[in-house]
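Asker: Just so we're aligned, residue 19 is where the sequence shown starts under the working numbering, counting upward by one. In this text, a Cβ means the ideal position worked out from N, Cα and C, and glycines have one as well. Computed from a predicted model, the values in this text were never measured in an experiment. Okay, handing you the structure first.
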Amino acid sequence: AERFLDKLLTRKITGIKEGRGYYAIACTPSGGIFMDGVVFKIGHEKYWYVQADGDFETWLMAHSEGYDVQISDPHSRVLQIQGPLSIEVMKAATNGRVDES
19 AERFLDKLLT RKITGIKEGR GYYAIACTPS GGIFMDGVVF KIGHEKYWYV
69 QADGDFETWL MAHSEGYDVQ ISDPHSRVLQ IQGPLSIEVM KAATNGRVDE
119 S
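Structure (structure tokens):
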């Protein structure tokens, strides 16, 4: 999985510690940005790429030939809350359970 993601993303994935995530961009063959998101290492050779929108799963499958990888879509989406009151909004929505670190 690491070798596959290293090929497809602009950020080196090899060496990410479990439980960590990094911003990473997937590019088109001509160098344009196809998708941007955050890749998390959630287990040994197990990763989760979270993007705001788009069909990243199909794109990964199209590039997976020759790699021993399984690709699935957990049917989750990103909700972004931004701005000067974003922390207060999140605290209100989660009964104050927001880690600000």
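Rounded to the nearest angstrom, what separates TRP66 and GLU75 at their Cα positions?
Answerer: In the sequence shown, counting from the first residue as 1, residue 66 sits at position 48. In the sequence shown, counting from the first residue as 1, residue 75 sits at position 57. Going by the C-alpha atoms only, they are around 11 Å apart.
Asker: From which residue to which residue does the alpha helix (DSSP H) around ASP54 run?
Answerer: Translated into the one-based positions of the sequence shown, residue 54 becomes position 36. Counting along the chain, ASP54 falls outside any alpha helix (DSSP H), though it belongs to the beta strand (DSSP E) covering 51 to 61.
Asker: Using C-beta distances below 6 Å, list every residue in its chain close to ASP54, excluding the 5 sequence neighbours before and after it, in chain order.
Answerer: Position 36 of the sequence shown, counting from 1, holds the residue named residue 54. These residues qualify, in order along the chain: ILE43.
Asker: For ILE43, name the three-state secondary structure that DSSP assigns.
Answerer: In the sequence shown, the residue the question calls residue 43 occupies position 25. ILE43 sits in a strand when the DSSP states are folded into three classes.
Asker: To the nearest angstrom, how far is the alpha carbon of VAL68 from that of PHE58?
Answerer: Residue 68 sits at position 50 when you count from the first residue of the sequence shown. Residue 58 sits at position 40 when you count from the first residue of the sequence shown. The alpha-carbon atoms of VAL68 and PHE58 are separated by roughly 8 Å.
Asker: Smallest Cα separation from GLY61: which of LYS109, GLY49, GLY114 and GLY33?
Answerer: Your numbering for residue 61 matches position 43 in the sequence shown. Closest by alpha carbon: GLY33.
Asker: For the alpha helix (DSSP H) that contains LYS109, what are its first and last residues?
Answerer: The residue given as residue 109 occupies position 91 in the sequence shown. Taken as a continuous stretch (DSSP letters only), the alpha helix (DSSP H) holding LYS109 covers 104 to 111.
Asker: Given THR46, which residues of its chain have a CB within under 6 Å of its CB, disregarding the five upstream and five downstream residues?
Answerer: Within the sequence shown, numbered from 1, the residue matching residue 46 stands at position 28. Result list for THR46: PHE52, in chain order.
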